[in-house]
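Chains as they are written, first to last, in the working numbering: chain A, 1 to 358; chain B, 359 to 716.
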DNA sequence: CATTAGCACTCACTTATCATGACTGCCAGC
DNA sequence: GCTGGCAGTCATGATAAGTGAGTGCTAATG
């Protein structure tokens, strides 16, 4: 059955109203607030048809209508009104997203923070390490008598958390030379290529072999599936949503937020700019709490990543999508690296990085 | 009034029972489970006295007794029975706490994870940067045309998250020399001393001045109050506790866990080995949710840090303290750095570090 | 045929009332 | 000092009745 324009408008009214109030919407309410031109009886007829079509339900016979997953789906895809961000919100976004943050992980965390703040929902950000990332530089820094920090710079980010033991009597000079040698071999190659190091093994000078092996292992590990940095911001906000006022549901949700392995696969929008997944309407794993996940992929600032919100199915999709869209543009517009190093700039830069650690 | 031995035993019974069941304890229950040798009436008399003394209350007249904050305090300080960890639990601890984790932040995160897993409570770990930390080494690593990673090694940890812009045309060679020069000036000095750099400024060679300034800023920032790494593990576990089944209380608790500035001051045990803070009995800030915080300070592995649990006042203090104690010993017994670098070792080491990032 | 007014009907939700029983507190006797 | 016994209290849970928001249907109207 083709859905008439009026039915669409009525469905839109139901979804909007339900998103705002989280209460079943009655025909009288739609009549008063959205459709004074037709009577509530007419609206009742239309509602009955929309229910037959699968877009709406009732919790019980004497209750108003609430959208089904299919109803939300149609709303998101077709009916959703444009949202306009306030001046204050734009300012907040600009404050968080700026060119002072230099590494991808921090940028993503910042992005999640600002999304959470503005939408008042829990936000997630994820940087998936990719096998196609290209190694640009490998540095090995001796940090104590018997340990070194391995810094691996790729075209998307900087891996700087691998610390490994050293054999005795390795000099700084030696590590420095090893870094140069290994960089010369790996530079320009992808994680994927390096993970299969046979072709490189013959290029390596004998004395650097052990260091080489360590680097290969670090890089292999970096490119593994599901490895990456996940940030979750504002998880307490889940509990303000009435659909999670039941403690069991709230807990399921929080556990999902803590379980990286479960959460990460749900963030992939199959390469789309935006992805709105609604439990029930879209293929989502069984056993997960009822929720919707809206994600966007961002690129700019020398990398790309995914960020979005996770919340009740009844969420303000219009606002969320507008926020994600705007942030996407902000990030894309960041300069690709300014060559400035005045005092102020460094100071703020450092503070920024530092805040992100918290 | 001096508390008699029998009163102590009865108080102990009340607190233990309440910790296990989270239900007011009746005189009959104590009689059956703990004191078959005296009648419930006698126990009632004792309970009445204990209530007068301030260790117990009633929710209402026909309900059993529950401990007051003072009752918990006495229990923790004097009456608590020793807990014994199971073989499995000891194994879990050994699995998490091992010499493969090289940096303090990761070790603390691991510690929090294992504490949370074993106690089934939310755990926190905190590494407070201290003004008395001594700088050992400063390395500046060029990671792109116009940015560098500043690695600062102290006697307690490695700071490796500061990235700053560089002026044009700074060569690697130059940064390398600057690192050596700056290290030679700062090595052996504390954060506090360096934060007031006047005495060092005259030692610095003109050409390194800008780099020097950047390092000083990073170090100053590192030593700032409240700066440090906080890990919170298992926050969803809060919601399993019946005292937070009220969504408002649960939310207050989660918000506390997200608010570093509020949480950190509560973790300081004033230099004690163990600290048990009970909201109500101890000075805790107003407006915070009802909770108890048990922390221990750990030292070993080349640093010291604080970790513990945060949960309802009704928690199994015996178990928590035993776990913290045992973990403390494990950490203290870690070798201070082994000079091995066989394949296996590195591999596990790297995996470990990587896992921690998640 | 679409629209509408009107009305019967349903059913979640609220409030009132009552019964239950798990406790304590106290007293009198041992 | 200890104990059995008993009256008194009060949270908790069950039952019943009343309320009203909202629908579905029908018949009338344009």
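Ideal Cβ placement from N, Cα and C applies to all residues, glycine included.
Just to confirm before moving on: does the CB-CB distance between residue 256 (chain A) and residue 99 (chain A) stay below 8 angstroms?
If you number the first chain from 1, residue 256 (chain A) lands on position 256. If you number the first chain from 1, residue 99 (chain A) lands on position 99. Going by C-beta atoms, residue 256 (chain A) is not nearer than 8 angstroms to residue 99 (chain A).
Answer with buried or exposed for residue 239 (chain A), where buried requires no fewer than 16 other C-beta atoms within 10 angstroms of its C-beta.
Translated into positions along the first chain, residue 239 (chain A) becomes position 239. Looking at its Cβ environment, which holds 16 or more other Cβ atoms inside 10 Å, residue 239 (chain A) is buried.
For residue 635 (chain B), count the other beta carbons within 10 Å of its own beta carbon; 16 or more makes it buried, fewer makes it exposed. Which is it?
Here residue 635 (chain B) refers to the residue found at position 277 of the second chain. Buried, since its Cβ has 16 or more Cβ neighbours within 10 Å.
Flag residue 141 (chain A) as yes if its beta-carbon sits less than 8 angstroms from any beta-carbon of chain B, otherwise no.
As a working mapping, residue 141 (chain A) is identified with position 141 in the first chain. It does: the Cβ of residue 141 (chain A) has a partner Cβ on chain B nearer than 8 angstroms.
Thinking residue 237 (chain A) and residue 116 (chain A) are a contact (beta carbons under 8 angstroms), I'd like their distance in whole angstroms, please.
Residue 237 (chain A) sits at position 237 when you count from the first residue of the first chain. Residue 116 (chain A) sits at position 116 when you count from the first residue of the first chain. Confirmed, about 7 angstroms.
Using a Cβ-Cβ cutoff of less than 7 angstroms, which residues in the same chain neighbour residue 392 (chain B) once the five nearest sequence positions on both sides are dropped?
The residue you call residue 392 (chain B) lines up with position 34 of the second chain. The answer, listed in chain order, is 371.
Out of curiosity, what's the CA-to-CA distance linking residue 695 (chain B) and residue 144 (chain A)?
The sequence position of residue 695 (chain B) within the second chain is 337, counting from 1. The sequence position of residue 144 (chain A) within the first chain is 144, counting from 1. In this prediction, residue 695 (chain B) has a pLDDT of 42, which is less than 50 and means its spatial position is unreliable; what the coordinates show is noted afterwards. When rounded, the distance between both Cα atoms is 10 angstroms.
Show which residues of chain A have a CB atom less than 9 angstroms away from the CB atom of residue 607 (chain B).
Against the second chain, residue 607 (chain B) aligns to sequence position 249. Those do not exist, as residue 607 (chain B) stays about 10 angstroms from chain A at its closest Cβ, beyond 9 angstroms.
Taking CB distances under 8 angstroms as the criterion, tell me whether residue 695 (chain B) reaches chain A.
For the purposes of this step, residue 695 (chain B) is identified with residue 337 of the second chain, where counting begins at 1. At residue 695 (chain B) the pLDDT is 42, less than 50, meaning the model places this residue with poor confidence and gives no usable figure here.
Got a sec? Which residues, its chain only, sit under 7 angstroms from residue 439 (chain B) by beta carbon, not counting five neighbours each side?
Within the second chain, the letter at position 81 stands for residue 439 (chain B). The answer, listed in chain order, is 676.
Could you name the residues of the same chain whose beta carbon sits closer than 6 angstroms to that of residue 17 (chain A), not counting the 5 residues immediately before and after it, in chain order?
The count along the first chain starts at 1 and reaches residue 17 (chain A) at position 17. Cβ within range, chain order: 25.
Quick check on residue 198 (chain A): buried or exposed, where buried means 16 or more other Cβ atoms within 10 Å of its Cβ?
Translated into positions along the first chain, residue 198 (chain A) becomes position 198. Under this definition residue 198 (chain A) is an exposed residue.
In chain A, what lies closer than 8 angstroms to residue 594 (chain B) by C-beta?
As a working mapping, residue 594 (chain B) is identified with position 236 in the second chain. Simply 251, 254, 255, 257, 258.
I want to verify the contact list: residues of chain A whose CB lies under 9 angstroms from the CB of residue 603 (chain B), in sequence order.
For the purposes of this step, residue 603 (chain B) is taken as residue 245 along the second chain, with counting starting at 1. Simply 247.
Please state whether the Cβ-Cβ distance between residue 219 (chain A) and residue 182 (chain A) is less than 8 angstroms.
Here the question's residue 219 (chain A) lines up with position 219 in the first chain. Here the question's residue 182 (chain A) lines up with position 182 in the first chain. No, these two residues do not count as a Cβ contact at 8 angstroms.
With a CB to CB cut of under 7 angstroms and the five nearest residues on each side skipped, what residues in its chain are close to residue 647 (chain B)?
As a working mapping, residue 647 (chain B) is identified with position 289 in the second chain. Here the set comprises 607, 610, 611, 614.
Could you pull the start and end residues of the alpha helix (DSSP H) that residue 264 (chain A) belongs to?
In the first chain, the residue the question calls residue 264 (chain A) occupies position 264. Its alpha helix (DSSP H) spans residues 260-266.
How should residue 419 (chain B) be labelled, buried or exposed, when 16 other C-beta atoms within 10 angstroms of its C-beta is the threshold for buried?
The sequence position of residue 419 (chain B) within the second chain is 61, counting from 1. Counting Cβ neighbours within 10 Å, residue 419 (chain B) comes out exposed, since fewer than 16 surround it.
Which runs of the alpha helix (DSSP H) spanning at least 4 residues fall entirely within the segment 450-518 of chain B, listed in chain order?
Listed in chain order, they are 462-477.
What is the rounded straight-line gap between the Cα of residue 223 (chain A) and the Cα of residue 209 (chain A)?
For the purposes of this step, residue 223 (chain A) is taken as the residue at position 223 of the first chain. For the purposes of this step, residue 209 (chain A) is taken as the residue at position 209 of the first chain. If I take the Cα positions, the gap works out to 21 angstroms.
Kindly identify the DSSP beta-bridge partner or partners of residue 640 (chain B).
The residue labelled residue 640 (chain B) in the question sits at position 282 within the second chain. Bridge partners of residue 640 (chain B): B:637.
Nearest-angstrom Cα distance between residue 201 (chain A) and residue 680 (chain B)?
Walking along the first chain from the start, residue 201 (chain A) turns up at place 201. Walking along the second chain from the start, residue 680 (chain B) turns up at place 322. Roughly 50 angstroms between the two C-alpha positions.
For residue 333 (chain A), which three-state DSSP category applies?
Taking the first residue of the first chain as position 1, residue 333 (chain A) is located at position 333. Coil at residue 333 (chain A), not helix or strand.
So the alpha helix (DSSP H) residue 760 (chain B) belongs to, where does it begin and stop?
The structure shown does not extend to residue 760 (chain B), since chain B is modelled only from 359 to 716, so the question has no answer here.
When the distance is taken between beta carbons, is residue 685 (chain B) closer than 8 angstroms to residue 361 (chain B)?
As a first step, residue 361 (chain B) must be located in the second chain, where it is residue number 3. As a first step, residue 685 (chain B) must be located in the second chain, where it is residue number 327. No, these two residues do not count as a Cβ contact at 8 angstroms.
Who does residue 180 (chain A) pair with in a DSSP beta bridge?
Numbered from 1 along the first chain, position 180 holds the residue referred to as residue 180 (chain A). Answer is none; residue 180 (chain A) lacks a bridge partner.
How big is the Cα-Cα spacing for residue 157 (chain A) and residue 136 (chain A)?
Taking the first residue of the first chain as 1, we reach residue 157 (chain A) at position 157. Taking the first residue of the first chain as 1, we reach residue 136 (chain A) at position 136. So the two alpha carbons sit approximately 10 angstroms from each other.
Within the chosen definition, does the segment 121-132 of chain A reach the segment 101-113 of chain A through at least 3 CB pairs nearer than 8 angstroms?
Contact between the segment 121-132 of chain A and the segment 101-113 of chain A is present, because at least three Cβ pairs lie under 8 angstroms.
Check the Cβ of residue 153 (chain A) against every Cβ in chain B and list those closer than 8 angstroms, keeping chain order.
The residue labelled residue 153 (chain A) in the question sits at position 153 within the first chain. Those within 8 angstroms of residue 153 (chain A) in chain B are 501, 502.
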